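From first to last, the protein sequence lines are chains S and W.
Residues are numbered in the numbering used here as their position in the first sequence, beginning at 1, plus a constant of 4.
Residues are numbered in the numbering used here as their position in the second sequence, beginning at 1, plus a constant of 2.
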Amino acid sequence: MDLNFTAEELAFRDEARHFFRTAIPESIRAKVAEGEGLSRDDMILSQRTLNQHGWATPNWPVEWGGKAWSPVQVYLYQDEMQQANVPSPIPFNVSMVGPVIAQFGGQEIKQRFLPMTANADIFWCQGFSEPGSGSDLASLRTRAERKGDNYVVNGQKIWTTLAQYADWIFCLVRTDTAAKQQEGISFLLIDMKTPGVTVRPIVTIDGGREVNEVFFDNVEVPAENLVGQENKGWDYAKFLLGNERTGIARVGASKAKVARIKELAAIERSGDRPLIDDPKFREKLAAVEIELKALEMTQLRVVADERKLEKGRQNPASSILKLKGSVIQQQLTELVMEVVGPYAMPYQRDFDGRNEPVIGPEYATEAAPMYFNYRKVSIYGGSNEIQRNIIAKAILGL
Amino acid sequence: MDFDLSDEQRLLKESVDRLILDQYQFQQRKQYMAEPAGYSAAMWSRFAEQGLLGLPFAESLGGFGGGAVETMIVTEAFGRGLVVEPYFATVILAGGLLRRAADQALIASLVPQITAGRLKLAFGHVERHSRYDLANVTTTARKDGAEYLLSGAKSVVLHGDAADKILLTARISGAQRDRSGIGLFLTESDAPGLSRRGYPTQDGLRAAEVTLDGVRAVALSDDALPLIEHAVDEAIAALCAEAVGTMQVMHDLTLEYLKTRKQFGRPIGSFQVLQHRSVDMLVALEQARSMAMFAAVMAAEENPIERRRAIAAAKVQIGRSGRHIGQEAIQLHGGIGMTMEYSVGHYFKRMTMIDQLYGDADQHLAGLAQLGGLFGATS
Chain S
5 MDLNFTAEEL AFRDEARHFF RTAIPESIRA KVAEGEGLSR DDMILSQRTL
55 NQHGWATPNW PVEWGGKAWS PVQVYLYQDE MQQANVPSPI PFNVSMVGPV
105 IAQFGGQEIK QRFLPMTANA DIFWCQGFSE PGSGSDLASL RTRAERKGDN
155 YVVNGQKIWT TLAQYADWIF CLVRTDTAAK QQEGISFLLI DMKTPGVTVR
205 PIVTIDGGRE VNEVFFDNVE VPAENLVGQE NKGWDYAKFL LGNERTGIAR
255 VGASKAKVAR IKELAAIERS GDRPLIDDPK FREKLAAVEI ELKALEMTQL
305 RVVADERKLE KGRQNPASSI LKLKGSVIQQ QLTELVMEVV GPYAMPYQRD
355 FDGRNEPVIG PEYATEAAPM YFNYRKVSIY GGSNEIQRNI IAKAILGL
Chain W
3 MDFDLSDEQR LLKESVDRLI LDQYQFQQRK QYMAEPAGYS AAMWSRFAEQ
53 GLLGLPFAES LGGFGGGAVE TMIVTEAFGR GLVVEPYFAT VILAGGLLRR
103 AADQALIASL VPQITAGRLK LAFGHVERHS RYDLANVTTT ARKDGAEYLL
153 SGAKSVVLHG DAADKILLTA RISGAQRDRS GIGLFLTESD APGLSRRGYP
203 TQDGLRAAEV TLDGVRAVAL SDDALPLIEH AVDEAIAALC AEAVGTMQVM
253 HDLTLEYLKT RKQFGRPIGS FQVLQHRSVD MLVALEQARS MAMFAAVMAA
303 EENPIERRRA IAAAKVQIGR SGRHIGQEAI QLHGGIGMTM EYSVGHYFKR
353 MTMIDQLYGD ADQHLAGLAQ LGGLFGATS
């Protein structure tokens, strides 16, 4: 047992650390650090910078720009990126649709989409959930009927993150209504500019506009935009959802947040001393740090194990990463709010702009919105209750 | 970075796991506890034969030459068996103190006796009001020729009634809670002026109240606190691994029960509310296992602050995970979990007592908070 990284791994870590902290503009990283929303341009600039360096899509097949890194390198890449407050590459592009196209798409569709997806020349969004199909995703009803060379799509998607930024949407659609639920679903790529596609924002409790409804009204989609085989979309969706196992814990991001909380708590005062010197506050923070350290160790165990497990098998410990990682992220947003005290209260922004100058310290403006917003973390990507169902079945055999 | 065991470590693990499986079933343990000493003399000899009593000592002295990872392997297995022999007191705790405090001649004379199973040790340091503060010592040491005379009282001396020799803290100089002036002493357990009252502990092990009235003792160190802290940190790492062993069994037993116990015409494990609670036990177990590994790796760290942070963090995680898993294990078993004749409650009790040893979760959380936490610490 040796928890030290090798000299090569340390050199890689240092390279990553240097790159992330110099190549990505400070202004973007500051927004991430404080939990401010990123503009479309921020996200695209960041991803293109990574892509120019060959670091936007390390998880892809090598011929399409992947790196074939070791699990430890992947871990260090994510950890350093998150600790430097660099925005993760657009997840819809890099973790979701890219790997699906690369794995299941034909040569033509790969050539057409993968380079542009890597470079964020296309901004993707994900059309999975529907009003009646949340945790029970396979019950989805958005219909795609084959008519000549086209599919005609009718239906509605919901919780579509950043659809307002997106050029294209990858959708799960029902292509066979007679088959068993899971066997009538296909994976279809749709240009958002196609007539009949309508995006309507959903304002979330933090006042943010991150998610949307997307409506499809007789949308004609060329049949060549089907990924893989018709009615195999559920398999591809499962592949997609199972793809990201370790990054989902967001340990690096939480470490950055802990460091930031310590900085802010040294500025804020409690009585005649800095808040950070209040034993009760310190204990609350330390308690989260311990869970975070344990999670980091658990993640390293999973990473170390990935080298040995044959493909497809999972370390039981991996299943807890999302469950625990999400809760820790949420707890840290609570602590930020606690740090800024009454300055959590002013509602500083909505779509129309924000208070100028801001009321109270700049860093307080996102404290409450981020707390409210981060309630999502234990809901999206399969709620924590669904995660428990999965673990109970797959790991515990219940 | 890897979590693999070396070939030698794997062999050790296989042999200890086998020993626990063959010799430490729940019914066998009951028999060992029923022996007059409260543990099995035969088992102690067995530990000696397998080289376990020499685990942390140098090979040149006839020991196994193991470090914290080897200790983790052994104590985790012992946790699964709920071992009642004075292994922690003799080998881990006193062994750790001797390695750090005793001179070569003394070590060379004691270690072969320990590894052969002929010498059992204990460490007396808790006093009536010391709680978990290792620096809080009122027992006095008065110089008398080359030796010292100790007077005072020590409480909850683990396996103090079985020990042939006892290590003791006593104050040579300074006030009750000064960090300096604390000596570490060694004395015979039947030395004149030393009296012991042995008793069982909640978890089926043994301890003793020890009173000292001018007891003649050899000083191993006259400023011992730093080395005691390091030895105790190593001992905590060992306890963390033992605790993980108990948690593993509580988790396994509960899972098995959920699959076999039927109510309302089906296994109770088919009910979602119990499935989710079982998953949360698994999460708590894996988090604890991760921190026990972290503690094992950090136990040898010479920088006392870094070591302290890591050990404190691990002890908090173990305490919290253990309490959660233990309470849930009893609850999910229902009535049967409450009975003395069923095993799960005994694991719960051992785990609970581990939290009371060398600082509970709250104590270590406060300590860690004072040191500025684990990440990007502000000092």
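By construction, the Cβ of each residue, glycine as well, lies at the ideal position given by its N, Cα and C atoms.
Keep in mind it's a predicted model, so treat the numbers as computed, not measured.
Any C-beta of chain S under 8 Å from that of residue i
i	result
residue 319 (chain W)	yes
residue 324 (chain W)	no
residue 271 (chain W)	yes
residue 295 (chain W)	yes
residue 6 (chain W)	yes
residue 66 (chain W)	no
residue 3 (chain W)	yes
residue 260 (chain W)	yes
residue 30 (chain W)	no
residue 377 (chain W)	yes
residue 278 (chain W)	yes
CB contact below 8 Å: residue i versus chain W
i	result
residue 17 (chain S)	no
residue 395 (chain S)	yes
residue 154 (chain S)	no
residue 293 (chain S)	yes
residue 147 (chain S)	no
residue 247 (chain S)	no
residue 301 (chain S)	yes
residue 6 (chain S)	yes
residue 25 (chain S)	no
residue 283 (chain S)	yes
residue 326 (chain S)	no
residue 289 (chain S)	yes
residue 399 (chain S)	yes
residue 402 (chain S)	yes
residue 132 (chain S)	no
Three-state class that DSSP yields for residue i in the structure shown
i	result
residue 191 (chain S)	strand
residue 172 (chain S)	strand
residue 62 (chain S)	coil
residue 12 (chain W)	helix
residue 156 (chain W)	strand
residue 320 (chain W)	helix
residue 18 (chain W)	helix
residue 402 (chain S)	coil
Reference residue i; option with closest CA among the options
i	options	result
residue 86 (chain S)	S:23, S:383, S:290 and S:118	S:23
residue 393 (chain S)	W:186, W:137 and W:280	W:280
residue 229 (chain S)	S:387, S:176 and S:268	S:176
residue 200 (chain S)	S:209, S:218, S:206 and S:185	S:218
residue 4 (chain W)	S:375, S:309 and S:401	S:309
residue 242 (chain S)	S:280, S:186, S:34 and S:97	S:186
residue 63 (chain S)	S:118, S:131, S:90 and S:258	S:118
residue 340 (chain S)	S:269, S:105, S:98 and S:188	S:269
residue 284 (chain S)	S:303, S:342, S:358 and S:115	S:342
residue 297 (chain W)	W:142, W:132, W:10 and W:246	W:246
residue 206 (chain S)	S:61, S:69, S:191 and S:167	S:167
residue 20 (chain W)	W:67, W:83, W:65 and W:29	W:83
residue 291 (chain S)	W:273, W:187 and W:377	W:377
heavy atom of the ligand FMN below 7 Å from residue i C-beta
i	result
residue 389 (chain S)	This structure lacks the ligand FMN; in fact it carries no ligand of any kind.
Contact with chain C by residue i, beta-carbon distance below 8 Å
i	result
residue 128 (chain W)	No chain C is present in this structure, whose protein chains are S and W.
Exercise for review: Determine contact between the segment 139-150 of chain W and the segment 210-223 of chain W, defined as no fewer than three beta-carbon pairs at a distance below 8 Å.
Suggested key: These segments touch.
**Study point:** chain W contacts made by the segment 249-269 of chain S, where a contact means CB separation under 7 Å
**Key:** Residues 259, 262, 263 and 266.
Check your understanding: Counting pairs of beta carbons, one from the segment 43-60 of chain S and one from the segment 105-114 of chain S, are three or more of them closer than 8 Å?
Key -> By the C-beta criterion, the segment 43-60 of chain S is judged not to be in contact with the segment 105-114 of chain S, since fewer than 3 inter-stretch pairs fall below 8 Å.
Exercise for review: Examine the Cβ distances between the segment 364-371 of chain W and the segment 46-60 of chain W and report whether three or more of them are shorter than 8 Å.
Suggested key: The segment 364-371 of chain W makes no contact with the segment 46-60 of chain W, as fewer than three CB pairs between them are under 8 Å.
**Study point:** Contacting positions in the segment 73-100 of chain S - beta carbon closer than 8 Å to chain W
**Key:** Taking 8 Å as the Cβ-Cβ cut-off against chain W, the residues of the segment 73-100 of chain S that qualify are 76.
Review point. Do the segment 93-102 of chain W and the segment 121-129 of chain W touch if we need at least three Cβ pairs shorter than 8 Å?
Key: Contact between the segment 93-102 of chain W and the segment 121-129 of chain W is present, because at least three Cβ pairs lie under 8 Å.
Check your understanding: With contact counted as at least three CB pairs below 8 Å, one residue from each stretch, are the segment 387-401 of chain S and the segment 338-349 of chain S in contact?
Key -> At 8 Å Cβ cutoff, the stretches do not touch.
Review point. Counting pairs of Cβ atoms below 8 Å between the segment 358-378 of chain S and the segment 247-260 of chain W, do you hit three or more?
Key: Touching, no.
**Study point:** Cβ contact (3+ pairs, closer than 8 Å) linking the segment 74-83 of chain S and the segment 189-206 of chain S
**Key:** Result no; under three Cβ-Cβ pairs closer than 8 Å.
Exercise for review: Specify whether the segment 207-226 of chain S and the segment 262-278 of chain S touch according to this definition: at least 3 beta carbon pairs, one from each stretch, less than 8 Å apart.
Suggested key: Touching, no, given that fewer than three Cβ pairs across the two stretches are closer than 8 Å.
Review point. Touch check for the segment 262-277 of chain W and the segment 286-304 of chain W: three-plus C-beta pairs under 8 Å?
Key: By the Cβ rule, the segment 262-277 of chain W does not count as touching the segment 286-304 of chain W, because fewer than three pairs are nearer than 8 Å.
Exercise for review: Evaluate contact between the segment 299-309 of chain W and the segment 349-357 of chain W, counting only Cβ atoms and requiring at least three cross-stretch pairs below 8 Å.
Suggested key: The segment 299-309 of chain W is not in contact with the segment 349-357 of chain W.
Review point. Is the segment 104-119 of chain W touching the segment 127-139 of chain W in the sense that three or more CB pairs, one from each, lie closer than 8 Å?
Key: No, the segment 127-139 of chain W does not touch the segment 104-119 of chain W.
Check your understanding: Between the segment 80-93 of chain W and the segment 311-323 of chain W, do at least 3 Cβ pairs fall closer than 8 Å?
Key -> Because the criterion of three Cβ pairs below 8 Å is not met, the segment 80-93 of chain W and the segment 311-323 of chain W do not touch.
**Study point:** Near-chain W residues of the segment 26-42 of chain S - C-beta to any C-beta below 9 Å
**Key:** Per Cβ criterion, the list is empty.
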